[in-house]
Amino acid sequence: MAKPISKTGSRKNVRIGSRKHTRKIPKGIIHVQASFNNTIVTVTDVRGRVISWSSAGTCGFKGTRRGTPFAAQTAAGNAIRTVSDQGMQRAEVMIKGPGLGRDAALRAIRRSGILLNFIRDVTPMPHNGCRSPKKRRV
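Residue numbers are given in the UniProt record's numbering: position 132 of the sequence shown equals residue 132, and the series is strictly consecutive.
1) Which residue comes first and which comes last in the alpha helix (DSSP H) that contains Thr-82?
2) If you follow the beta strand (DSSP E) that Leu-115 is part of, which residue opens it and which one closes it?
3) Assuming Gly-101 and Gly-67 make a contact with CB atoms under 8 Å, what is their CB distance in whole Å?
4) Give the single residue among Thr-42, Asn-37, Ile-29, Arg-47 whose Cα lies nearest to the Cα of Gly-99.
5) Among the candidates Ala-108, Met-88, Arg-65, Pro-69, whose CA atom is the shortest distance from the CA of Thr-44?
6) Return helix, strand or coil for Arg-66, following the three-state DSSP convention.
7) Under a Cβ-count criterion, where at least 16 other Cβ atoms within 10 Å of its own Cβ denotes burial, should Leu-106 be classed as buried or exposed?
8) By DSSP, does Ile-51 sit in helix, in strand, or in coil?
9) Would you identify the three-state DSSP class for residue 208, choosing helix, strand or coil?
10) Let me know the secondary structure DSSP gives Arg-90 once reduced to three states.
11) Assign Thr-64 to one of two classes, buried (16 or more other C-beta atoms within 10 Å of its C-beta) or exposed (fewer than that).
12) Quick one: what does DSSP say Ala-2 is sitting in, helix, strand or coil?
13) Label Pro-69 either buried or exposed according to how many other C-beta atoms from any shown protein chain fall within 10 Å of its C-beta, with 16 as the threshold for buried.
14) Would Thr-42 and Ala-71 qualify as a contact pair, given that the criterion is a beta-carbon distance under 8 Å?
Below is the structure:
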């Protein structure tokens, strides 16, 4: 019976994707996606690679409380805290969606001490494209 050949440098032995030093990122883009049910805050570098993200759901809010302004404020604070440690000073803000967390997330970003170059609303608006779904009756 032949002995199986052991692979040297297999995946188990090699550390993949871990960095000892964090990259210094002076400038970035903060994306805020505010829906009625949740608010997601993503921080990327200028090329669009995600550095940090947080949402109202990951901050511990459940159910209808995820759509509240306070949940959005907490999510924005969590996402920015890790980035400010990496040295981000300037940022651009892209806000998308109709949710209640838009203004609260923006206030939390302003309070964090990061200088904002501009704030842009990138909510998708159809120029008479597809027929929209019928309105909710509450």
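C-beta: ideal position from N, C-alpha, C; glycine also.
Let me lay it out:
1) 69-85
2) 115-121
3) 7 Å
4) Asn-37
5) Met-88
6) helix
7) Buried, by the Cβ-count rule.
8) Reduced to three states, the DSSP call for Ile-51 is strand.
9) Here the chain has residues from 1 to 138 only, and residue 208 is not among them.
10) strand
11) Around the Cβ of Thr-64, a 10 Å sphere holds fewer than 16 other Cβ atoms; the residue is exposed.
12) coil
13) buried
14) A distance of 8 Å or more separates the beta carbons of Thr-42 and Ala-71.
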